[in-house]
Structures are given as C-alpha cells and as structure tokens.
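Below is one structure; the comments refer to it alone.
In the numbering used here, the protein residues as written are 3 to 125.
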C-alpha cells in the first residue's frame, strides 16, 4: 500500500452550510478542511494500491455525502522518518507531531502508539 494525499477543491459555499464538507472529516480520519467560502478544499490522506484506487475511494466518499469536486489532485505522500527515541536533533519531527505524541501518552484509558507517519493507532 502507498500513502497518497488527495486534494479536492469543492464548489463555493454560498449559503454558509458547511455540514456536508465537515461530514467528510468524520468519515475519513486525518482529513483537513480548508474553509475558504469561495474555494473550499478537502485534503484527504488515503492508503491505496494505486492513484486510481485512491481516486475511487475519495470519489465514493464524496458521492456518499452528496458532493462533487470542481478540481482535484492526487500525489504520493512524502515519507517522513520520525525517531522519538534518538537524543539527537535528526529525524525528530515537527513540534506539532511531538505535541500529539505527548498528548497520546497522557491519555490513560487506551493502548495506543504514534506510527512513523505520525498517525495515532489505538489497540
């Protein structure tokens, strides 16, 4: 499997109703919504065998909630190597990833870990 980043620019939000766009965030973990009323954009992390399958996944999700993108792009996500056990400065990740890791460690009720890609996995 390959991790892809799928960007979908949606139709302008003229009535102030963001509910369908926000519902995609609930359906696909890690999705970002850029709330620009003239050019709203969804950025979805997708693991798939090919760009075509990543497209089909996102297309299906958007159809499920009644959305149709104006434009879009699919690119292979860059590989990021995080090594939180290393005392050196190399491969330490961003402050945001470290903050998420600290937050995950502070949640007592779940068996969890942060993957090398910065995703949180719960057992």
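Yeah, the Cβ is synthetic: ideal placement off N, Cα and C, and Gly gets one too.
- Task: Can you say whether residue 4 is buried or exposed, counting buried as having 16 or more other CB atoms within 10 angstroms of its CB?
- Result: The residue in question, residue 4, is exposed, as its Cβ has fewer than 16 Cβ neighbours within 10 Å.
- Query: Between the C-alpha atoms of residue 93 and residue 46, what's the straight-line distance to the nearest angstrom?
  - Reply: Here the model assigns residue 93 a pLDDT of 49, short of 50, so the residue's position is not dependable, and the following value carries that caveat. When rounded, the distance between both Cα atoms is 24 Å.
- Query: Quick one: is residue 14 buried, meaning 16 or more other Cβ sit within 10 Å of its Cβ, or exposed?
  - Reply: Here residue 14 is exposed: its Cβ has fewer than 16 other Cβ atoms, across all protein chains shown, within 10 Å.
- Query: Using a Cβ-Cβ cut-off of 7 Å (strictly less than) and excluding sequence neighbours within five positions of residue 63, which residues of its own chain qualify?
  - Reply: Contacts found: 26, 29, 30.
- Query: Can you give the Cα-Cα distance for residue 71 and residue 57, rounded to whole angstroms?
  - Reply: Taking the straight line joining both Cα atoms gives about 12 Å.
- Using DSSP with H/G/I as helix, E/B as strand and the rest coil, what is residue 101? In this structure, residue 101 counts as helix in the three-state DSSP scheme.
- Query: Among residues of its own chain, excluding the 5 on either side of residue 51, which ones have a beta-carbon nearer than 8 Å to its beta-carbon?
  - Reply: Within the same chain, Cβ atoms closer than 8 Å to the Cβ of residue 51 are found at 3, 4, the five residues on either side in sequence being excluded.
- According to DSSP, residues forming a beta bridge with residue 6: In the DSSP output, where bridge partners are listed per residue, residue 6 has 48, 78.
- Query: Taking DSSP as the reference, what is the three-state secondary structure of residue 34?
  - Reply: DSSP, read as helix, strand or coil, puts residue 34 in strand.
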